[in-house]
Amino acid sequence: MEKLKNIWYKQSDKLRFLFVGGFNAGISYLIYMIFVYILGEKYYQISLALAWALSSVVSFTTQRKLVFNSDGNLIKQYLNCCITWFFSYLINAIILWAFVDRLKLNVYWAQIFATICSAIFTYIIFKLIIFKVRK
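Converting from the sequence shown to the working numbering requires adding 1458 to each position, the first position being numbered 1.
Below, the structure is given as structure tokens:
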């Protein structure tokens, strides 16, 4: 197990973020699809909010340990993540709205594109601010 851990952390954080972020995005997207199915496509923004709320704990845990290997103040990092996710959520919601209501894309495809855009924003904030390695 230790050997595997060493191999994992020798990879760049960008590559780790891609794998872990892909997993997290998949979980969030699955939750989004379930809520769209239950509530209907008309309520895609509510589905988005519910998916983000439910998947945030998984995302925080995996990003903190598997991507940035952080052992900083748990509460402070989580609160900072919540602030970041708020802005990331807004970016996602605006892009999703533009794709669905303006460009008339399907709500499922639109969310895939919106997730990619918000993931880039989240990575930058996590890397530069929240899980920044202090020297």
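Glycine is no exception: its CB is placed at the ideal position from the N, C-alpha and C atoms. Only a predicted model underlies this, so the values are computations on that prediction, with no experimental measurement involved.
Excluding sequence positions up to five away, which residues of its chain have a Cβ less than 8 Å from the Cβ of D1471?
-> V1525, F1526 and K1585
Y1467: buried (16+ other C-beta within 10 angstroms of its C-beta) or exposed?
-> Around the beta carbon of Y1467, fewer than 16 other beta carbons lie within 10 angstroms, which makes this residue exposed.
In three-state DSSP terms, what is S1546?
-> helix
Other residues of its chain near S1528: CB distance less than 6 Å, five sequence neighbours each side excluded = R1522 and F1589
Runs of alpha helix (DSSP H) lying entirely within the region 1504-1573, each at least 4 residues, in chain order = 1532-1555, all fully within the region 1504-1573.
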